[in-house]
Each structure stands twice: as C-alpha cells, then as structure tokens.
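Here is the structure we will look at.
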Amino acid sequence: TQLLEQSPQFLSIQEGENLTVYCNSSSVFSSLQWYRQEPGEGPVLLVTVVTGGEVKKLKRLTFQFGDARKDSSLHITAAQPGDTGLYLCAGVSWEAGGTSYGKLTFGQGTILTVHP
Amino acid sequence: EADIYQTPRYLVIGTGKKITLECSQTMGHDKMYWYQQDPGMELHLIHYSYGVNSTEKGDLSSESTVSRIRTEHFPLTLESARPSHTSQYLCASSDYGGRAADTQYFGPGTRLTVL
C-alpha cells in the first residue's frame, strides 16, 4: 500500500509570512499533484510535477518534486488570506499491465489559515 | 472550467433509508470516480469506472454500489444508510491525457449525515 505523509497537518500564520508544506512517501510515483480545496467544494488541481527535481512556479506558489520522485514540497511566499484552505498532495501511479487508470493516493492534507 | 455536478449538496436522513447520490459530467470523460472524505482529511477512493458498463471497487471498502449506464452519469447508491456512512462524498472525472496529464476534475461534493 502506498502512503503519503503530509506535514504539517495544521498551519496558522499571519498575512505576509512564508510557509512550506511537505509531502513524503517511501514509494516512487509517476507524478505528483497538488490540490487546494475550499470548504464545501471539491479539490481543484494546482499543479502536476512529473520529472524528478522539477520545480514549478505558480505566482507566489513554488512546487518541487524530489529527485527520487518520492517527495514534494509546496512553498508559499507572502501568504494572503485568500490562500486559506485545505492543501492536498496526491501521488499518481499506474497499475501494472498498462491500464489507463491513473490512481491517486492522497496525503492527509494541510489546513492553512492565513490571518489578515 | 470543469463541468461536473453533484446532487444533492446536503442530505440528512434517518438510519435504514435507501439513498442515491447523483453525479453528472458534461465533458465526455470516460473515467469517473467516487471518493469519501471526512472533514479536513484525505480522500479515499471507493469506486471508479473506465467507461459505460465498467465499475470497480476502490481502495476503501464501501457498502455503496455504483452504476455506469451512460457516459455522463455515475450515481452512487446506499441500500440502507447507517450513521457510519456519514461523510462527504466527492465525484470526479478524467480523460486520458497521457501519464503525466491525467487530471481529475472534482464535483462540489455531497455532505451526507445519517441520524
């Protein structure tokens, strides 16, 4: 069974601070995705990282995929109240035999609260 | 903008009732999924489908059943609801975009409370 450990579970910070969320596994994934989910809504995909060592930037968000494709991090610079939400990482793996089903294994999530 | 819809958004029912959670998508995606999520926690896959007449159980054992008679529709049914079924149920769909680009689009979810 593949597991993704996400940390921290809760993060409460002031507007303008920086933060990093970590996602670690002992398993190798084909790719890793980060989602953000707001209360009462479904998760929305932020980014997919595919190559070991890859770094992607989305405005104030920086995503990194570990060299061994087992871990990832999300760094937010100068957090704003609009960044508040549940952040979920999800490892993508593929069934042996080449089925077209990309299985997502989700981490436990990080609840981020940014205070004005 | 993803077009995937779930109804009802909220449901409060008594123990023993039969319920069906609806999920529809207008994107023509072949693959659809049902996840169960407790508040602020990870998602657990309970059912998925590759296409019409295809359904499979996910990683988390569930007493619910699903059907896929039409591409756009993937309803989930509980024959006899119990308090342990109280949770949020999320539906998603995806189209095969290659191993690196298989993106799942999620509906808003149904929050189920069984009294």
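In the order they appear, the protein sequences are chains F and D.
Those letters in the first sequence? Residues 1 to 116, per our numbering, in order.
Those letters in the second sequence? Residues 117 to 231, per our numbering, in order.
Even for Gly, the Cβ is constructed at its ideal location relative to N, Cα and C.
Since we're looking at a predicted model, the values are computed, not measured.
Residue i, enclosing beta strand (DSSP E) - first and last residue
i, result
"residue 145(D)", "Premise fails: residue 145(D) is in no beta strand (DSSP E) and is neither H nor E."
"residue 55(F)", "55-58"
"residue 115(F)", "110-115"
"residue 102(F)", "102-106"
"residue 126(D)", "126-129"
"residue 49(F)", "44-49"
"residue 208(D)", "203-210"
"residue 227(D)", "226-230"
"residue 193(D)", "192-194"
"residue 165(D)", "159-165"
"residue 123(D)", "120-123"
Chain D contact for residue i (CB, 7 angstroms cutoff)
i, result
"residue 8(F)", "no"
"residue 5(F)", "no"
"residue 42(F)", "yes"
"residue 106(F)", "yes"
"residue 53(F)", "no"
"residue 82(F)", "no"
"residue 109(F)", "yes"
"residue 102(F)", "yes"
"residue 86(F)", "yes"
"residue 45(F)", "yes"
"residue 15(F)", "no"
Residue i versus residue j: straight-line alpha-carbon distance, rounded
i, j, result
"residue 134(D)", "residue 197(D)", "6 angstroms"
"residue 7(F)", "residue 110(F)", "7 angstroms"
"residue 122(D)", "residue 66(F)", "36 angstroms"
"residue 36(F)", "residue 112(F)", "10 angstroms"
"residue 144(F)", "residue 71(F)", "In this structure chain F extends from 1 to 116, so residue 144(F) is not present and cannot be described."
"residue 28(F)", "residue 185(D)", "35 angstroms"
"residue 95(D)", "residue 120(D)", "Since the first residue shown for chain D is 117 and the last is 231, residue 95(D) is missing from the structure and cannot be characterised."
"residue 49(F)", "residue 189(D)", "30 angstroms"
"residue 91(F)", "residue 160(D)", "13 angstroms"
"residue 183(D)", "residue 3(F)", "29 angstroms"
"residue 220(D)", "residue 210(D)", "5 angstroms"
"residue 100(F)", "residue 16(F)", "Reliability of the predicted coordinates at residue 100(F) is poor, the pLDDT of 48 falling under 50, and no value is obtained from them."
"residue 167(D)", "residue 146(D)", "5 angstroms"
"residue 104(F)", "residue 227(D)", "22 angstroms"
Any C-beta of chain F under 7 angstroms from that of residue i
i, result
"residue 124(D)", "no"
"residue 226(D)", "no"
"residue 158(D)", "yes"
"residue 135(D)", "no"
"residue 144(D)", "no"
"residue 131(D)", "no"
"residue 218(D)", "yes"
Short CB-CB distance (under 7 angstroms) between residue i and chain C
i, result
"residue 107(F)", "Protein chains in the displayed structure are F and D, and chain C is not among them."
Contact list for the segment 182-207 of chain D against chain F, Cβ threshold 7 angstroms:
Listed by position, the residues of the segment 182-207 of chain D near chain F (Cβ gap below 7 angstroms) are 206.
Enumerate, from N- to C-terminal direction, the unbroken alpha helix (DSSP H) stretches of 4 or more residues contained entirely within the segment 8-41 of chain F.
As far as the segment 8-41 of chain F is concerned, it has no whole alpha helix (DSSP H) run of at least 4 residues.
Unbroken stretches of the alpha helix (DSSP H), 4 residues or longer, contained in the segment 54-92 of chain F:
Complete alpha helix (DSSP H) runs here, min 4: none at all.
So if I threshold CB-CB distances at 8 angstroms, which residues from the segment 160-174 of chain D count as touching chain F?
Residues 160, 161, 164, 166.
Which residues, in order along the segment 19-37 of chain F, keep a beta-carbon less than 7 angstroms from a beta-carbon of chain D?
Within the segment 19-37 of chain F, the residues whose Cβ lies closer than 7 angstroms to some Cβ of chain D are 30, 31, listed in chain order.
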